[in-house]
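Just so you know, we're using full-length UniProt numbering here: the sequence shown kicks off at 1 and counts up by one.
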Amino acid sequence: MTELGVRDRERAFLARWSEIRKKGRIRYTISRGGLYGLLLFGVWLAVTLIELNLSEFQQAIWTRDAFIRQCVIWFVCEMLIGGVLAHQGWKAKENKFKYLS
1 MTELGVRDRE RAFLARWSEI RKKGRIRYTI SRGGLYGLLL FGVWLAVTLI ELNLSEFQQA
61 IWTRDAFIRQ CVIWFVCEML IGGVLAHQGW KAKENKFKYL S
């Protein structure tokens, strides 16, 4: 503990978050939301490809057009979910920042 009960770890958070904060909430939400969305989409795609390769029935009913359509739908959904997660992360870090400062 140092002065005013703020630990070094908390001081590092305050410094790092104030730098991120200067760049703006929209940039944070878009960049982090995009990363979260891509990660979620990658997990969905991996699971779907594994499922398709393991099931002859799935291979028979899935056409190329259907697969591409599903990819587009899931990509949009996962990006929206990523945006919501990033927005919630911003709010949580803002509350922590206000509490510590």
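We put the beta carbon where it would ideally sit given N, CA and C, even for glycine.
With contacts defined as CB atoms closer than 8 Å, Gly89 and Arg32 qualify as a contacting pair. Contact annotation: Tyr36 and Ala92 have beta-carbon atoms that are not nearer than 8 Å. In this structure, DSSP gives Arg7 a state outside helix and strand, which the three-state scheme calls coil.
Annotated three-state conformation of Gly24 is coil, per DSSP. Contact between Ser101 and Leu14 holds: their C-beta atoms lie close to 6 Å from each other, under 8 Å. Cα atoms of Ala60 and Leu80: separation of roughly 31 Å, rounded to the nearest angstrom.
If you draw a 10 Å sphere on the C-beta of Thr29, you find 16 or more other C-beta atoms in it, and that means buried. Following the DSSP letters along the chain, one finds Trp62 in no alpha helix (DSSP H), marked with neither H nor E.
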